[in-house]
Structure formats: structure tokens, C-alpha cells
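Residue numbers (our numbering): 457 to 718.
In what follows, a structure is listed as C-alpha cells, so that the remarks can point back to it.
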Ligand SMILES: Nc1ncnc2c1ncn2[C@@H]1O[C@H](COP(=O)(O)OP(=O)(O)OP(=O)(O)O)[C@@H](O)[C@H]1O
């Protein structure tokens with residue numbers, strides 16, 4: 457453990473990472489990264505391909521547990537509690553810290569069932585009426601209700617890519633998460649669908665802590681208030697998005713945002 461493990465979280469801190477390193481077998485993909493993720497902001501992780509953005513994101517809900525060769529060192533806490541502690545229920549953790557992936561991955565089930573599935577396994581509802589309320593409110597929050605309210609029985613996989621991604625966001629929302637992790641959520645979408653997801657992220661800001669990995673610097677500038685720039689497995693700089701994009705401290709950040717590499 458590093459020297460700054462006991463930094464007290466500020467009032468708005470939702471998750472903290474302290475001296476986090478990740479190895480895939482002998483290869484170190486992430487080196488000693490520390491960050492605070494706040495409740496009310498969208499935080500963007502940017503940097504060139506292979507710099508460790510996704511690897512770091514996946515530490516926040518222990519998604520790296522699913523990779524046999526991966527080993528995580530350091531500490532990650534949610535509301536001050538170590539999520540790697542032996543008594544942490546990983547299924548519960550992934551409901552509290554939801555994830556949206558690069559490629560929309562709805563279940564091959566109805567739109568309704570895509571949303572109802574999580575609340576059912578987590579025991580959040582019993583009656584049909586309760587499920588109806590959850591499904592409607594999650595779809596409304598994800599900006600999808602008006603488009604799908606008359607075809608809730610149709611398959612989630614029959615929708616457009618952008619609708620599928622909003623369905624996946626609605627599915628994450630349905631279990632009432634505190635944090636939503638998004639790993640390049642627009643990379644498979646066209647510009648119009650991308651704009652809708654960006655609007656949605658802005659609508660969700662404040663209700664959930666949101667962390668988004670993106671290749672697209674304009675997207676980071678549009679949707680986030682905090683930005684972390686990664687390079688070769690290290691976090692080079694972290695700060696207000698406006699500062700990172702207009703007046704970064706580090707030369708490597710400046711070179712990246714001005715397009716000199718990446
Ligand atoms: N499952 C894995 N097994 C072995 N190495 C991996 C695995 N996943 C990622 N890596 C390696 O770890 C490093 C960081 O990868 P990661 O996917 O986190 O980067 P990234 O910044 O998200 O890149 P991209 O933008 O291309 O997705 C890379 O060198 C990558 O090859």
C-alpha cells in the first residue's frame with residue numbers, strides 16, 4: 457500500500473483508487489494510479505490505445521476478476537469501503553457499480569425482460585405492478601420510453617444500435633446503481649446515435665457518478681467535467697476537463713490533446 461491510502465475522502469467522493477496497479481501475467485498494464493471519482497461529475501478517461509484506460513475502469517467493479525491472468529494491486533473503495541475486501545459481494549457490487557460496454561449487449565429477450573431481469577435477481581420488486589413501474593422509469597430515464605412503450609414484448613436485439621445501447625443503460629439504471637462505468641459506449645454508433653447517448657449522459661449526471669472511457673477527445677470535452685489522461689499505463693494528469701483541454705500542466709498531455717500522437 458502506498459503513502460496516501462488514508463487520504464480522507466471529500467464530501468462528494470464516491471470512489472477512490474489508491475496506488476492501483478494491474479498485471480496481466482507478468483505484464484504490467486497499469487502503474488500505481490490514484491484517483492477520486494466524485495458523485496456529481498462525469499469523469500472521462502482518455503489516452504492512446506493500450507494505455508490502460510479500460511483496464512483501470514474495469515477495476516472499479518472488479519470486472520478484471522473475470523480475466524484469469526489479471527492481478528490487481530492497491531486499493532479501490534466505494535463510499536470508503538474496500539471493494540476487494542473478502543466480504544464484498546461481487547454481484548451486489550456490480551449492481552451498485554454498473555457497466556455499459558463498447559458493443560451494445562442486450563439479452564436475447566424482450567425489451568421489458570431486459571430491464572426486469574436485474575431487479576428480479578436482486579429482489580427489488582415482487583408484483584407485476586412493481587416491475588412495470590421499474591421498467592417504465594428506467595426506460596424513461598434512458599430516454600427510450602416513447603420509442604418503445606408500445607413494443608415492450610419485442611426482442612431487445614431487434615432494435616437499432618443506438619436504441620440497444622440506451623436499453624443497456626436503462627438495464628444498468630434499473631437496479632438503482634450509484635456509479636455507472638461506460639467503456640467507449642459510442643464507438644459502435646453513428647453520429648446521431650452518439651449525440652443521443654451524449655445527451656443522455658448529461659441528463660444522468662448528478663444522479664449517478666459516471667466514468668467514461670473514450671477514444672474521442674471531443675466527446676470527453678463535451679460530456680465530462682473531470683478528465684484523466686493516461687499514457688503507457690500511468691495516469692499522467694487529472695483535473696478539470698476545461699483545464700486539461702486548454703491549459704494542461706504536462707507536456708505529454710498537451711502533445712496528446714493537440715494531436716501529436718495517439
Ligand atoms: N485480457 C488481457 N490479457 C492480456 N493483456 C491485456 C488484456 N487486456 C488488456 N491487455 C493489455 O493491457 C494494456 C492496456 O489495455 P487496455 O485495454 O486497458 O487499454 P486501453 O487504453 O483501454 O486501450 P484501447 O483504447 O485500445 O481499448 C494493453 O497493452 C493490452 O494489450
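Think of the CB as a built atom: it goes at the ideal place given N, C-alpha and C, for glycine as much as any other residue.
**Report entry** Spatial distance of residue 591 from residue 707 (CA atoms)
**Finding:** 48 Å
Requested in this report: Mark residue 688 as exposed unless 16 or more other C-beta atoms lie within 10 angstroms of its C-beta, in which case mark it buried.
Outcome: exposed
Query - Alpha-carbon to alpha-carbon, residue 589 and residue 572 - result: 10 Å
Query raised in the report: If you drop the 5 nearest sequence neighbours on each side, which residues of the same chain put their C-beta closer than 6 Å to that of residue 669?
Result: 501, 509, 510, 513, 639 and 640
Query raised in the report: Cα-Cα, which of 482, 506, 526 and 538 is closest to residue 474?
Result: 538
Query raised in the report: What residue does the beta strand (DSSP E) around residue 593 start on, and which one ends it?
Result: Unbroken run through residue 593 is the alpha helix (DSSP H), 584-597; no beta strand (DSSP E).
Query raised in the report: Just how far apart, CA to CA, sit residue 551 and residue 594?
Result: 14 Å
Requested in this report: Please go through the same chain and pick out, in chain order, the residues whose beta-carbon is closer than 6 Å to the beta-carbon of residue 479, but skip the five residues on each side of it.
Outcome: 527
**Report entry** C-beta contact flag for residue 476 and residue 489 at 8 Å
**Finding:** yes
Query raised in the report: Is the stretch 631-650 touching the stretch 552-566 in the sense that three or more CB pairs, one from each, lie closer than 8 Å?
Result: yes
Report task. Work out the CA separation of residue 695 and residue 702 for me, nearest whole Å. Result -> 11 Å
Query raised in the report: Which one of 698, 699, 652 and 692 has the shortest CA to CA distance from residue 504?
Result: 692
Query raised in the report: Quick one, are the C-beta atoms of residue 553 and residue 634 less than 8 Å apart?
Result: yes
Query raised in the report: How is the alpha helix (DSSP H) around residue 698 delimited, first residue to last?
Result: 697-702
Query raised in the report: Cα-Cα, which of 715, 697 and 704 is closest to residue 498?
Result: 697
Requested in this report: Pick helix, strand or coil for residue 509, following the three-state DSSP scheme.
Outcome: helix
Report task. Please list, in chain order, all residues of the same chain as residue 534 whose beta carbon is under 6 Å from its beta carbon, the five residues on each side excluded. Result -> 471
Query raised in the report: Given residue 507, which residues of its chain have a CB within under 7 Å of its CB, disregarding the five upstream and five downstream residues?
Result: 686, 687, 688 and 689
**Report entry** Under the three-state DSSP convention, the category residue 488 falls into
**Finding:** strand
**Report entry** Beta-bridge pairing of residue 625 - partner residues as DSSP gives them
**Finding:** Paired residues: none, contrary to the question.
**Report entry** Given residue 715 as reference, the closest of 681, 673, 683 and 679 once Cα atoms are compared
**Finding:** 673
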